[in-house]
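Residue numbers (numbering that gives the first Met the number 0), protein chains in the order written: chain X, 0 to 348; chain W, 0 to 348; chain B, 0 to 348; chain E, 0 to 348. To keep things clear, I will list the structure first and then write my remarks on it.
Protein chains: 4
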Amino acid sequence: MMIVMQEQATEEQIEEVTQSLAKLGFDVHRSTGALRTVLGAIGGNRTFDQRLVEVMDGVSEVHRITEPYKLASRTFKPERTVVQVGDLRIGGDEVIVMAGPCSAETEEQVGETAAAVKKAGASVLRGGAFKPRSSPYSFQGLGEDGLKMLRGAADDQQMKLVSEVMDISQIELVGKYSDILQVGARNMQNYTLLRELGRTKKPILLKRGISATIEEWLLSAEYILAGGNSDVILCERGIRTFETYTRNTMDISAIPVVHKLSHLPIVADPSHGIGIRDKVAPMARASLAAGADALIIEVHCNPDQAMSDGAQSLYPDQFDRLMGELRIIAPAIGRSICRESLHGKALLR
Amino acid sequence: MMIVMQEQATEEQIEEVTQSLAKLGFDVHRSTGALRTVLGAIGGNRTFDQRLVEVMDGVSEVHRITEPYKLASRTFKPERTVVQVGDLRIGGDEVIVMAGPCSAETEEQVGETAAAVKKAGASVLRGGAFKPRSSPYSFQGLGEDGLKMLRGAADDQQMKLVSEVMDISQIELVGKYSDILQVGARNMQNYTLLRELGRTKKPILLKRGISATIEEWLLSAEYILAGGNSDVILCERGIRTFETYTRNTMDISAIPVVHKLSHLPIVADPSHGIGIRDKVAPMARASLAAGADALIIEVHCNPDQAMSDGAQSLYPDQFDRLMGELRIIAPAIGRSICRESLHGKALLR
Amino acid sequence: MMIVMQEQATEEQIEEVTQSLAKLGFDVHRSTGALRTVLGAIGGNRTFDQRLVEVMDGVSEVHRITEPYKLASRTFKPERTVVQVGDLRIGGDEVIVMAGPCSAETEEQVGETAAAVKKAGASVLRGGAFKPRSSPYSFQGLGEDGLKMLRGAADDQQMKLVSEVMDISQIELVGKYSDILQVGARNMQNYTLLRELGRTKKPILLKRGISATIEEWLLSAEYILAGGNSDVILCERGIRTFETYTRNTMDISAIPVVHKLSHLPIVADPSHGIGIRDKVAPMARASLAAGADALIIEVHCNPDQAMSDGAQSLYPDQFDRLMGELRIIAPAIGRSICRESLHGKALLR
Amino acid sequence: MMIVMQEQATEEQIEEVTQSLAKLGFDVHRSTGALRTVLGAIGGNRTFDQRLVEVMDGVSEVHRITEPYKLASRTFKPERTVVQVGDLRIGGDEVIVMAGPCSAETEEQVGETAAAVKKAGASVLRGGAFKPRSSPYSFQGLGEDGLKMLRGAADDQQMKLVSEVMDISQIELVGKYSDILQVGARNMQNYTLLRELGRTKKPILLKRGISATIEEWLLSAEYILAGGNSDVILCERGIRTFETYTRNTMDISAIPVVHKLSHLPIVADPSHGIGIRDKVAPMARASLAAGADALIIEVHCNPDQAMSDGAQSLYPDQFDRLMGELRIIAPAIGRSICRESLHGKALLR
């Protein structure tokens, strides 16, 4: 922590601040300049509320000098984390594609969509059974019935499954069927949930909150890591901006920034990131070109009849075309699209 | 819903959209202009995803024409709601002041602070026992011990108590001690929690999410109202903007806007709204002048030693001075500060 | 400037950064901690681009330690500036009210509105002759004819006049008629214009840009001050947020923040700040309660026929009622509404 | 325009609104539903201020149904515009790369940088002689001397030149040396400047304002188009968000959105879009993958000594490597990088 004193700060005020910090366990170093004195406080508590110093007499500004997260940082772990889901490696040389419907609706819909995305090259099936909806009157998902449909289709296609958990009361149930547990954007700071997920053994796909900074997102990951679960996959899914033409603004820059700050893999979700079908493919291509470790894309065998998010779901043939474009781009970042996906070779679960 | 067709839309496309909407239960009215055709779709489902129409051929734009919330709206209930907490009336002619520490820390701290704020004119004690913290390494609250301290101090001072509940697993416990249950900003869209609170009998103080629109906030209130609990108090506590000098930007305009759109009372929280002690009083005065039904303010008997939010907590004498200023302002909006508060007369709980 | 080195930074990297900074004229102080080294660089150039250090090997973070503005800061000038406009003092004990139409349209409209606002207590007439409009097809103002109408009405009512200048080519003309030159929000960073206004003798009312931080706003004031014109009045007029119900979000907190950081007076513009008539009065009251030095309010004798901004203009009787409310609030902040305004006593221009 | 009446609106109120709109030149169509009446108003003035209807009695909401811009829209001109700059075609099948230093500093710096970027494949040289800087104490550019250096280097390398114009007083001078005139983000709503540029014959590169919506950006383009200059190139250069780790957030989604709404070509500026060197390449690749018609990139022969923006300027070898990656990606969007650029064949100016 750096404490910049006011130009007119007195020697007594400087001494007072120094003593207070020393009592709190900081080593304090003093730099006296022509106009101002600056104190460097090193050590102390990572979660110290710097505003307590800001309100002291004679203090002009206070700056933090360490990231508030630790386990999630590159400083702590310089090499990239690869999250292993059965044979699949998320964060390795191959880019993984996850695809499927927003919600499980019927066995046919789930089965047909899963077959189509597998054929095109996806290796993880996505789909929700518990849906967080901004209106209490919207479709809220099929619950366990939905999970059964999804698991069945994933098994048929030899795919992995990712599905959302909204509350600690659902962890066990969703964990029974799903290979990866998803935390939605609205729950990114549901700390009770995050803490509990830190105690599970399943990989967690943690979506970024709609107006969260990258630091807050990594702090939420820290809750899971601190609980003992090191398999966290970050997911960029669009942030809120002033633009009204798109549903959200996909923050593509989060991809290289996360790779710089953290060792955790990052997945791009262009479907929620932009929210309207005809822009999903450009944003998916852009995400890959920026270095995403994986993509998660909404595909529906019949989007016009979808019970949720139909307007941002791709038709199977659009998804297939997109996969072809992704294969062209991958070498530009020294990677390939997961070969299992390309060749459709059986994955042992 | 209004569907604006493209200028070059064909008669077939217009017919196709009309038929689809009719099938979905809408009455469709057509306006044919010189350049464009506009369709008005009335009825149908309040939660219909309008993007499904946006992606149809020939469609240029779609606009919703009803608020997506119902029970929370002035259209549904034109007269203002008064939330009764024992003898206290929140939303009536008298403005209610809630005050107290961020967190319960010790019996002395809670007791001393409660006595001070009561003496200055507050009638509800605020204080947390479960704290949502962005870092897993920060102080997380005392739990039930904290609730006991708060209840004890509230009873000693004949005050009501408001305290936060973070998860459905805490509802029963917090409800045992607290008169009003608070939902924090980070949980504004924790729908599992909101739904469960709809089934309780306690008044709910619902904080606005840090980047939530007013519409989203009212939709979250709708979850509680739809569950059968009509005692919802909205709380403005600052939104995120680009300003870095303040912690949040208090959206004072939310006060008159909420009063226009909804019948629910609104409380202003200038402590979180601005986040730094010396600006709390100006923002409290501004909130009252804009028409707030109540204020909730952090006060600590010894802010420099506070375990959380000390930098935004008022000293007791600052709070006392502020109460005097508020009494000058209240008549400008045709109100008074709660007389119980002024005269310190016993409130029967 | 504080340079935080990475934990794994080598001694060579630290030395390299130190030497580079010394060459650039900084005094460098070193603090060596258990985990990290921190360098304090004092002196050097106020406008040095800190990113040049951020990209050096071994550097983790860089923090600026002085405000980038100087003449606008409280550090430079601790006592508050009072801008004198004839007999009027903006920033003194009395709060000044400026009112009038958005644009000058006809002699009758300007004259009637001026008479009404003067009678209610305003002492400065506002009105535009050059209008910045987001569409090239909107009404762009009457130019010099409008200025003549405004000057005439101000003289008739013994009021001062504030009017907008959009470009350096208009400075002389607008300055011929107007007592205060206004810079609109969209021109807050039109540096060519600001630099030229620094060379005039007229007071400048500088509106905050729609997404400007307070620091950027003070830097724009610095351009004017650095040119030799010390009569700058800042004007808060609403910022852009995610809220769609209001046109802008009035940042009331900017009022106490500006008073803390700068000696310059601040005017609140609730008409643009909220953008819809029935919320103007609450926001005007809130601005005063937060400590505004002056208010600027759109009033039109016939808002329904206004050529611009009619929907946010008050009717004369609404403005009169508002003035009464403001007189109740002013004592709460130890001020009064300008007595000339109250008593309508002649102001010598 | 769609006017949604309140549920409780009376027949008189509906009639009043209808009559008012008819007087204003609108054709009004009425849809009477079970709960609400909706009025469709077609025709009238494109720039009509809808808030005037919003404040009428009985009105609940008003929605605009036409874009406020016309000449910039796809509705007006369905086929894409190709801006011709000598032999170069911006918006055609080949993607154009513009590169060069932030500012002209010395003849050597400009010459060396131009040679390097030309060799790597750029066909337009970028560089500033008039610099808009947020601080009055920062380097403000070399003026005409800088323009001469830039023109000289462009001629030597047979490249085109793009340079910024900050004010109407600079148009003639900059136009004398530069092939394309750039309008900076801070001037996007400097309407006096835009109107004047509409009267020139030079292509205009119009940068998006830092918090402008896409609609506002297209309205600014409309000012230029309405003046008679149809050669407008839009430039996405990052928007302001809450993220502090990056300087701006590059809005990659603006690329497909602009292509949907407008016929004008769009250039991506990843250097300003992200603001820090090591993230420029990922954002450049992402922009191309999303469909950008051109890229504009800051390159400096010696970034560590640059007088402005050195930290976001690429080293020549980084730029060269990036060009290789772009050539891999281009076929994924059915395009190629401008062949002149690849083969270095002479361009006749």
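Each residue gets a CB set at the ideal place from its N, CA and C atoms; glycine is no exception.
- Unbroken beta strand (DSSP E) runs of no fewer than 3 residues, entirely contained in the segment 85-127 of chain B, are found at 87-89, 93-99, 123-125, following chain order.
- For residue 318/X, no chain E residue has a Cβ inside 8 Å of its Cβ, as the nearest lies near 15 Å away.
- Straight-line spacing of the CA atoms in residue 124/E and residue 296/E works out to 10 Å.
- Distance from residue 128/B to residue 145/B at the Cβ level is roughly 3 Å; contact confirmed, criterion being Cβ atoms closer than 8 Å.
- Within chain X, no residue has its CB atom less than 7 Å from the CB of residue 71/E, the nearest being about 14 Å off.
- Within chain E, the residues placing a beta-carbon under 7 Å from that of residue 242/X are 212, 213, ordered along the chain.
- Here the alpha carbon of residue 322/X sits roughly 11 Å from the alpha carbon of residue 118/X.
- For the 8 Å CB-CB criterion, residue 6/E and residue 35/E form a contact.
- Contact of residue 322/B with chain E is not assigned, every C-beta pair being separated by 8 Å or more.
- In the three-state reduction of the DSSP assignment, residue 199/X falls in the coil class, being assigned neither a helical nor a strand state.
- Look at residue 181/W here: in three-state DSSP terms it is strand.
- Taking a 10 Å sphere around the C-beta of residue 310/B, we find 16 or more other C-beta atoms and assign the residue as buried.
- Of 302/B, 333/B, 328/B, the smallest CA-CA separation from residue 101/B is found for 302/B.
- Between residue 219/E and residue 205/E the beta-carbon gap is near 6 Å, inside 8 Å, which marks them as a contact.
- Bridge pairing for residue 267/W: 235/W, 294/W [DSSP].
- Leaving aside the five residues that flank residue 142/X on each side, the residues in its chain whose CB is nearer than 7 Å to its CB run, in chain order, 128, 129.
- In the assembly as shown, residue 175/W is an exposed residue. Its beta-carbon has fewer than 16 other beta-carbons within 10 Å.
- With respect to the 8 Å criterion, residue 116/B and residue 298/B are classified as neighbours on the basis of their beta carbons.
- Within the DSSP bridge table, the entry for residue 25/X names 42/X as partners.
- Any Cβ of chain W closer than 8 Å to the Cβ of residue 278/B would place that residue at the interface, and such an atom is present.
- Around the beta carbon of residue 259/X, fewer than 16 other beta carbons sit within 10 angstroms, so the residue counts as exposed.
- Residue state for residue 143/E is assigned as helix, using DSSP reduced to three classes.
- Under a 10 Å Cβ-count criterion, residue 8/E is classified as buried, with 16 or more other Cβ atoms of the shown protein chains found around its own Cβ.
- Apart from the 5 residues on each side of it in sequence, residue 106/B sits with its Cβ closer than 6 Å to the Cβ of 148 in its chain, given in chain order.
- In the DSSP assignment, residue 279/W is bridged to no other residue.
- Contact between residue 80/W and residue 263/W holds: their C-beta atoms lie close to 5 Å from each other, under 8 Å.
- For residue 62/X, at least one C-beta of chain B is nearer than 8 Å to its own C-beta.
- Using beta-carbon distances, residue 252/X counts as an interface residue toward chain E, with a partner under 8 Å.
- By the beta-carbon neighbour count (other beta carbons within 10 angstroms, threshold 16), residue 255/E is buried.
- Across the segment 5-18 of chain B, CB contacts with chain X closer than 9 Å involve 5, 6, 7, in sequence order along the chain.
- Remark: C-beta atoms of residue 57/W and residue 99/W do not approach each other more closely than 8 Å.
- The three-state secondary structure of residue 248/X, taken from DSSP, is strand.
- Burial check for residue 243/B: the Cβ neighbour count within 10 Å stays below 16, so the residue is exposed.
- Taking the Cα of residue 228/B as reference, the smallest distance to any Cα among 83/B, 185/B, 257/B is reached at 83/B.
- Of the residues 152/B, 318/B, 133/B, the one whose Cα lies closest to the Cα of residue 185/B is 133/B.
- In this structure, DSSP gives residue 257/W a helical state, which the three-state scheme calls helix.
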